[in-house]
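Peer 1: Residue numbers for the sequence shown, in my numbering: 1 to 143.
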Amino acid sequence: MADDSGNLAELIDDSLEHLAERVGDPGPLLYEDLFERAPEVVELFILDTDGSVRGEMLYRAFETLRDLAAERGFAADALALEVRNHLGYGVPIERFTLFFDLIAEACQRASADDWSPAHARAWQALRVKALAIIDEAVGVYGG
Numbered sequence: 001m002a003d004d005s006g007n008l009a010e011l012i013d014d015s016l017e018h019l020a021e022r023v024g025d026p027g028p029l030l031y032e033d034l035f036e037r038a039p040e041v042v043e044l045f046i047l048d049t050d051g052s053v054r055g056e057m058l059y060r061a062f063e064t065l066r067d068l069a070a071e072r073g074f075a076a077d078a079l080a081l082e083v084r085n086h087l088g089y090g091v092p093i094e095r096f097t098l099f100f101d102l103i104a105e106a107c108q109r110a111s112a113d114d115w116s117p118a119h120a121r122a123w124q125a126l127r128v129k130a131l132a133i134i135d136e137a138v139g140v141y142g143g
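(1) Ile-134 to Arg-22, Cα distance in whole Å?
(2) Quick one: residues in its chain with C-beta nearer than 7 Å to the C-beta of Leu-146, no 5 flanking neighbours on either side, listed in chain order?
(3) How many Å lie between Asp-50 and Leu-68 at the Cα?
(4) Could you tell me if Glu-56 is buried or exposed, where buried requires 16 or more neighbouring beta carbons within 10 angstroms of its beta carbon?
(5) Below 7 Å CB to CB, which residues in the same chain sit around Lys-129 once its five sequence neighbours on both sides are set aside?
(6) What residue range does the alpha helix (DSSP H) around Asp-67 cover?
(7) Using the C-alpha atoms, what's the distance from Leu-47 back to Asp-4?
(8) Let me know the secondary structure DSSP gives Tyr-31 once reduced to three states.
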């Protein structure tokens, strides 16, 4: 497990690994949480009868968060594109950002006693970075 001296990417990866190891496929849990907290988005998934859209969305969210944490460079463009796409679907930006918060919350629950203040700080730092990119994209695309 990464500790307080670990960098942002290590801490984010560590908590995502706990999620995968302890929950297995986190998709059903995350979408249950999403639909509970934002029931109005359920209708956006009405054609996703096999869960493939949800799976792709979750995969992209994980990859974007990991890329943003590691500062590899694709996350800013990916987030901006998804902001544009989600605004086009009529998704309020608060609902778009909620998904990232739900991932962090699920990681915290799955990590249990392995969750540290460093993990909490890493997820908060990642959230700040993501919101800055999202806010800039909203300024470009409206919302």
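Using N, Cα and C, we set each Cβ at its ideal position, and we do this for glycine too.
The structure presented is a predicted model; accordingly, all values stated were derived computationally and were not measured.
Peer 2: Put simply:
(1) 30 Å
(2) There is no way to answer for residue 146, as the model of the chain reaches only from 1 to 143.
(3) 29 Å
(4) exposed
(5) Leu-68
(6) 52–70
(7) Note on Asp-4: pLDDT 41, under 50, position unreliable in the model; no value is reported.
(8) helix
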